[in-house]
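A.B. asks: I'd like to ask some things about the structure below.
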Amino acid sequence: MALPGLDITDSIDSSTILTRELKPNQEFRFEVAPTTSITIRLTAGTAGTAELFGTELSKGLPYTFTCCKSAIYTWTGCSLSIEGSPSVEYIAEETPMATYLNLHIALEKLRVSASDCPPTTEGAQGPRVLLIGPPDVGKTTVAKILTGYSIRQGRKPMVINLDTGGEGVLSVPGTMSAASFGSVMDVEDGFGSSPMSAPSAIPVKLPLVYYYGLETPESGVKRYKRLISRMAVAVNSRLEEDIESKNTGVIIDTPSFDNQTNGDLISYIVAEFSITAIAVLGSERLYNTMLKSFSPSSTNINVIKLPTSGGCVDRDIPYKKSLRDATVKKYFFGDEKCTLSPYTVSIEFDSPTFSLWETVDSLSSESKRNTSFLPIGEDESSLQIGEEDVVRKLTAGEVDSRFENLVVAVLQVDAKDAGAKEVAESSVLGFLFVQEVDEKERRVKVLSPVPGRVPAKALNILDAEILIVMSAPLSPFQGLTIDRVSFLGKGDRKIYIHFLTRLTSSHPYNSHPHRTIRVKSGGSIQSAISIANPGTTISVPPGTYREQLLITTPSITLIGHNAILTPPPSFINNTCTNLAGAGTQAGIWISGDGVVLQDLKDFNGEHLKVFSVGSYIKDIIITGFTIKNFGGLNIAIVGCENTIIENNAVSSASQYDILTVGSKNSKIQQNTVLSTPGIFPSYFIGICMDDTITVTISHNKISNYFIGLCVQTPHAHIYENYVHDVCAGAFVDPDIKNARIERNAFKNKPLDVLTPWGLRAELQFRAGLGRW
């Protein structure tokens, strides 16, 4: 169904199916015309991952694109299937993605430092990045990439769009918006969608929106600055109430700034939002101007020059109009995935609640209405918002058919209280579409996304100079939340390892739709695990949780934000009970299906062996937790594949802090593993690996155990760990072949590596800690 006045048609050419094989660090670039669609799949059953502007593609799922110029990048190499005929498509070998990743890593380092500061201090504020540059240099693309990487890192960035001449972010054209992003973005829709009257596979974002009504900042500088100030106050207030977003920081996309006259406006944005970094794309002159204006020695603002992607192309006016039209159409009628049916509502001209306004473009020499980008102002005697903006209220006699097929912004100000100042500074609740103006019956017929009478608020016409003031049941500026990943180490290299693991390895985003569950403070983590589907991220806020956890669902990511797991008042027996001896339990037990363990009567003083596994549980990630004081094991991995345990503090289990047994391809990295005297009489092993084949143990700190590392897995790779104050740094079981123990630091121990009954492992030693 086409929206009147937009002339958008839908067609998909499925006659052609293309296959494109990408090598590591290559990018598939494509363009799709407004009247056609293509479908792209990341081929299932093949190795490799791919992402579109920082958001990963799930294997085998179809993604439909229309009216876009986009690119899919792979760090690992991948295979893509394309159904339909793009107007342009090619594979590029030279991309700036490594530079963009370096910028993300630098920002993440600042976020780690901010997270370590008390919430109420100035140091708790994460980086605030302003993206500036000429038209069509990829500012919005970089904003998407930084946002996507931040979310995948477990962060919650605040994203602000100040480009009122674009297609809008979580809103329609002509608006400024801000939203906290705590969940995965939509591959097809970029930043995603705001609430609508239908379910969505991707969690919706709830933005704060202000209506500007003019195409460029120069058309109304004073009004633009006033809205920036209002937006900055709202954002700062929200950040003070949301420590995750405050620690993560702000990413700001801007209009095109490519001349000297924009310097004052850039300075104003920098001051209002307390910007800490300015990233300049596509203009050497603008970069040097910013260096002079914001010297790091005097302002503490870093100015960065970013390369422009070769995929950036000039977008002509008709193409930009088609993007804006498509955004409006989707708001009211949905898309192929989710068709919406707006409601028809009538408004009487003479109603006391009907309050219609217009804004005059200050660049118009005759100061007359510009029916393409102006909000509805006040009456002719209303206050001036500034020298460059005049807002006036329209009389009922001025409403005629020229206002048909225009979009109306719904403001958060009552019609009876609407004055020029209130109209100019109010945020937006929703939008209407003017379908018909009946001058004879003195009625306006509008399309509304919600049923019922139009509330007594103000309205603002987009792509025109009319603004009507009214309300709608949208709740502004709320956001989903997800806790950050806690880093125990703060070196650049460790942050690289942490993030590149997600860029290059198989994990839940690659094969399952993503969902986020936030555990309430003091709530039950196990309850969230029990209802989680494959592909779910479970976020746990700070606090102490007295419970034991059992994970049997594949592709679960469990993220703790200073969450502490301790033994419950009473245990519930499960398949892990007695694993490390009679009466022992585990804090976190990750278990495959149909696991057959050695009989307890044959227990030999270590742990029960795994005789068989019915089916392995795959792709579990545990990060950001403190797990301590369990009588047996803190973490047990049994019958699993591709499990990652990283960036946790694991302390004082009586037998094993971390045990992986009967599993495949386990990775235990960047954890602090130690024991505290007095909890138990003795402590046996820090990390033990008794897997079927292949385990990686790296960059862990292990101390105060009888044995630091127990190697019972063929082809195990143990490297760059720091082990101290133990009896034996590493114990290699007899007949373990092809294990590599290299570049580890062993300190304050009687034995580095104990290999009874002969040496079958490859050993390399390192005398001191140093730098890896």
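Using the numbering used here, the letters of the sequence shown correspond one by one to residues 360 to 1131. C-beta atoms are modelled at their ideal positions from N, C-alpha and C, and glycine is treated no differently. No experiment lies behind these values; they were computed from the predicted model shown.
Which first and last residues belong to the beta strand (DSSP E) in which Glu390 is found?
C.D. replies: 385-401 is the span of the beta strand (DSSP E), which, as asked, contains Glu390.
A.B. asks: In this structure, does DSSP put Asp776 in helix, strand or coil?
C.D. replies: Correct three-state label for Asp776: helix.
A.B. asks: Asn1107 to Ser440, Cα distance in whole Å?
C.D. replies: 56 Å
A.B. asks: What does the Cβ neighbour count give for Ile854, buried or exposed, with the cut at 16 atoms within 10 Å?
C.D. replies: Unreliable placement is indicated for Ile854, whose pLDDT of 46 sits below 50; no coordinate value is reported for it.
A.B. asks: Looking only at its chain, what residues have a beta carbon closer than 7 Å to the beta carbon of Tyr569, apart from the 5 residues adjacent to it on each side?
C.D. replies: Within the same chain, Tyr569 has close Cβ partners Thr534, Met535, Leu586, Arg589, Met590, Ser786, Val787.
A.B. asks: Return the first residue and the last residue of the alpha helix (DSSP H) that Gly951 is part of.
C.D. replies: Counting along the chain, Gly951 falls outside any alpha helix (DSSP H), and DSSP gives it neither H nor E.
A.B. asks: Can you tell me whether DSSP reads Pro1134 as helix, strand or coil?
C.D. replies: What is shown of the chain runs 360 to 1131, which leaves residue 1134 out entirely.
A.B. asks: Taking the CB atoms as reference points, tell me whether Asn1059 and Asn1030 lie closer together than 7 Å.
C.D. replies: yes
A.B. asks: Beta carbon of Leu529, beta carbon of Phe550: below 7 Å?
C.D. replies: yes
A.B. asks: Report the rounded CA-to-CA distance for Lys1023 versus Thr1051, giving the unit in angstroms.
C.D. replies: 6 Å
A.B. asks: Apart from the five residues on each side of it in sequence, which residues of its chain come closer than 6 Å, Cβ to Cβ, to Thr667?
C.D. replies: In its chain, beyond the 5 residues on either side, Val496, Gly497, Leu640, Gly641 have a beta carbon closer than 6 Å to the beta carbon of Thr667.
A.B. asks: Looking at the secondary structure, which residues open and close the alpha helix (DSSP H) in which Gly310 lies?
C.D. replies: Residue 310 is absent from the model: the chain starts at 360 and stops at 1131.
A.B. asks: Quick one: Cα of Asp1092 to Cα of Ile979, how far?
C.D. replies: 27 Å
A.B. asks: Tell me, please, whether the CB atom of His1074 is closer than 7 Å to any CB atom in chain C?
C.D. replies: Of the protein chains in this structure there is only one, and it is not chain C.
A.B. asks: Would you call the segment 676-686 and the segment 768-783 touching, i.e. three or more CB-CB distances under 8 Å?
C.D. replies: no
A.B. asks: Looking at the unbroken beta strand (DSSP E) that takes in Val793, where does it start and where does it end?
C.D. replies: Per DSSP, the continuous beta strand (DSSP E) segment holding Val793 begins and ends at 787-797.
A.B. asks: Keeping to the same chain, check which residues put their C-beta closer than 8 Å to that of Ser438; ignore five residues upstream and five downstream.
C.D. replies: Cβ neighbours of Ser438 beyond the five flanking positions: Thr378, Arg379, Glu380, Leu381, Leu401, Thr402, Thr405, Gly407.
A.B. asks: By the DSSP assignment, the alpha helix (DSSP H) with Ile587 in it spans what residues?
C.D. replies: 580-600
A.B. asks: Determine the direct distance from the alpha carbon of Asp1094 to that of Ile1100, and round the result to whole angstroms.
C.D. replies: 15 Å
A.B. asks: Could you pull out every residue in the same chain whose Cβ sits closer than 7 Å to the Cβ of Thr658, ignoring the five residues on either side in sequence?
C.D. replies: none
A.B. asks: Just tell me which of Cys1069, Thr911, Ala451 has its CA closest to the CA of Ile996.
C.D. replies: Thr911
A.B. asks: Since Glu442 is in the beta strand (DSSP E), which residue starts that stretch and which ends it?
C.D. replies: 437-442
A.B. asks: What span of residues does the beta strand (DSSP E) with Phe984 cover, start to end?
C.D. replies: 980-987
A.B. asks: Per DSSP, which residues does Val758 bridge with? Please list them.
C.D. replies: In DSSP, Val758 forms no bridge with anything.
A.B. asks: Tell whether a beta-carbon distance below 7 Å holds between Gly991 and Gln1014.
C.D. replies: yes
A.B. asks: Whose CA, out of Glu442, Trp434, Glu410, lies closest to the CA of Thr398?
C.D. replies: It is Glu442.
A.B. asks: Does the beta-carbon of Val592 have 16 or more other beta-carbons within 10 angstroms, so that it is buried, or is it exposed?
C.D. replies: exposed
A.B. asks: Residues in the same chain with beta-carbon distance under 8 Å from Ile888, minus the five sequence neighbours each way, listed in chain order, please.
C.D. replies: Ile897, Leu908, Leu909, Ile910, Thr912, Ile915, Leu917
A.B. asks: Find the nearest neighbour of Glu631 within the set Leu489, Ala941, Gly882, Glu906, judged by alpha-carbon distance.
C.D. replies: Leu489
A.B. asks: Return the CA-CA distance between Gln957 and Leu938, expressed in angstroms with no decimal places.
C.D. replies: Answer to the nearest angstrom: the Cα atoms are 9 Å apart.
A.B. asks: May I ask you to report which of helix, strand or coil DSSP gives Phe691?
C.D. replies: helix
A.B. asks: By the three-class DSSP mapping on this structure, what secondary structure does Phe632 have?
C.D. replies: helix
A.B. asks: Roughly how many whole angstroms lie between the Cα atoms of Leu416 and Ser596?
C.D. replies: 34 Å
A.B. asks: Counting only the same chain and skipping the five closest in sequence on each side, list residues whose C-beta sits under 6 Å from that of Asn1063.
C.D. replies: For Asn1063, where only same-chain residues beyond five positions count, the Cβ hits under 6 Å are Leu1033, Ser1034, Asp1084.
A.B. asks: Buried or exposed: Gly482, going by 16 or more other Cβ atoms within 10 Å of its Cβ?
C.D. replies: exposed
A.B. asks: Determine the burial state of Val772: buried for a count of at least 16 other Cβ atoms within 10 Å of its Cβ, exposed for fewer.
C.D. replies: By the neighbour-count definition (other C-beta atoms within 10 Å, threshold 16), Val772 is a buried residue.
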